[in-house]
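Asks:
In our numbering, the protein residues as written are 11 to 365.
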C-alpha cells in the first residue's frame, strides 16, 4: 500500500520534468506545438493538443481528467496512470484563487481544539498530484505540520515531495512523506492519528461506495476533512452561445460514466459525512478565467468540449465550429469563463468525543 519517501529540499516551484519546460510550449499555435486543423470539426478530435489530464485521452477513451483510481491495482509494478505535471502546474494558480477561504476559520478552530502533539498536526493529502493543496494550505495554518502525501503515481509524488512547503503561517516546521497506493482503498486505520484529511478535484471521480468509504474512514479516525474543487456541473461563458447548455449537459453525463459521481459529488459527500454525524459546510469555489488565464482556458475548453463529444459523438460537427469560435475569442482576449466548483469541510466527531 505504501512506499515512504524522504522529501528533498524545497525549491519554490515544481521542478523541471520531461516534456515542455514551459506549459505554453505545449499549446497549439506556439513553437513546438500541434498545428491547428483547418477543418473546425477536426478541432475537437485534436486530442494531441490537450495536455494529459485536461481532457479525454486518445489512447484511453473515457479516462478521467484526474488520477485513475481503479483499473490497474494499487500501484504495483505496472506503469501507473500519468497526468501531466504541466496540466497540474497550469491550473494551480486558478485553484488557489478559487479555494473557499471562508472554510479556513472553522478549520483552524477545530485544529486548535485538538489535543497537543509534540510533532504537530498530521495532515493526509489524498490524491495529492504535485502537492498544490499543501503549498496552498500549509502557509495558512499555524503550528508544526507533517504532511502525508498519497497518490498512485510515483512520478507525481516526486514533484509533490520536492516542491513541498517548508514552514507554516507562524514559521513552524513543515515536513512531508509520500505514500504510493490506491486512494480509494484508505481505511480509518490508515488515517489513525490524522489531524486532517485533504483532497482537491477528487470527489467527482469517486463512486458513491468509494465516497462512503472515505467518509467512514475519516469518521472512524475522528478527523476533519477539507475536500476542495469538486466540479459542480455549471459553466458560464461570455458571450452566451446556443451550444453552451448542450456541451455542459454532455460533459456532465461524461463525468457520470461508470457510476462516478461527477457534478453530484459535493452533495453526495455532504450526505455521506452527515450520516456519520459530521457537521458539513459547503462553499462555492469557482474558477474565474479571463485573458490572464488564456493558456488554462484554452486547455480547459479543449478538454471540456472533447469530453462532451466523446459522450455524444453526434455533436462533433457543430461542436468543432463552436470550439473554434471559442478558441478564437480566447486568443483575442475576449473570452471569460466561470467554472463552478464546490469546497466541502466536514467536521467529524473527534475520537473519544472531545475537541
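All residues carry an ideal CB built from backbone N, CA and C; glycine is no exception.
DSSP three-state call for residue 299: helix, strand or coil?
Replies: DSSP places residue 299 in strand when its eight states are reduced to three.
Asks: Would the beta-carbon of residue 140 fall within 7 Å of that of residue 206?
Replies: Their beta carbons are not under 7 Å apart, which means residue 140 does not touch residue 206 by this criterion.
Asks: Could you please give me the residues that DSSP links to residue 227 through a beta bridge?
Replies: None; residue 227 has no bridge partner.
Asks: Taking just the CA atoms, how far does residue 341 sit from residue 305?
Replies: Each residue's Cα considered, the two are about 9 Å apart.
Asks: Who are the near neighbours of residue 350 in its chain, counting only those whose CB is closer than 6 Å to its CB and skipping five residues on each side?
Replies: Closer than 6 Å at Cβ, skipping near neighbours: 242, 244, 296.
Asks: If you count every other CB in all the chains shown that lies within 10 Å of the CB of residue 343, and 16 or more means buried, which is it?
Replies: Exposed, by the Cβ-count rule.
Asks: Would you tell me roughly how many angstroms separate the C-alpha atoms of residue 181 and residue 130, rounded to the nearest one?
Replies: Going from the Cα of residue 181 to the Cα of residue 130 covers about 13 Å.
Asks: So, using beta-carbon positions, are residue 225 and residue 282 closer together than 7 Å?
Replies: Cβ distance < 7 Å, so residue 225 and residue 282 count as in contact.
Asks: Which residues bound the beta strand (DSSP E) around residue 246?
Replies: Per DSSP, residue 246 belongs to the beta strand (DSSP E) from 235 to 248.
Asks: From the DSSP secondary-structure annotation, give me the bridge partner or partners of residue 294.
Replies: Looking at the DSSP assignment, residue 294 forms a beta bridge with 352.
Asks: Whole angstroms are fine: how far does the CA of residue 204 sit from the CA of residue 132?
Replies: About 5 Å.
Asks: Among 308, 316, 324, 313, which residue has its Cα nearest to the Cα of residue 336?
Replies: Of the candidates 308, 316, 324, 313, the one whose C-alpha sits nearest the C-alpha of residue 336 is 308.
Asks: How far does the alpha helix (DSSP H) with residue 94 in it extend, from its first residue to its last?
Replies: Element bounds for residue 94: n/a, residue is neither H nor E.
Asks: Identify the residues that DSSP records as bridge partners of residue 152: which are they?
Replies: Paired residues: none, contrary to the question.
Asks: Please state whether the Cβ-Cβ distance between residue 174 and residue 186 is less than 7 Å.
Replies: Yes.
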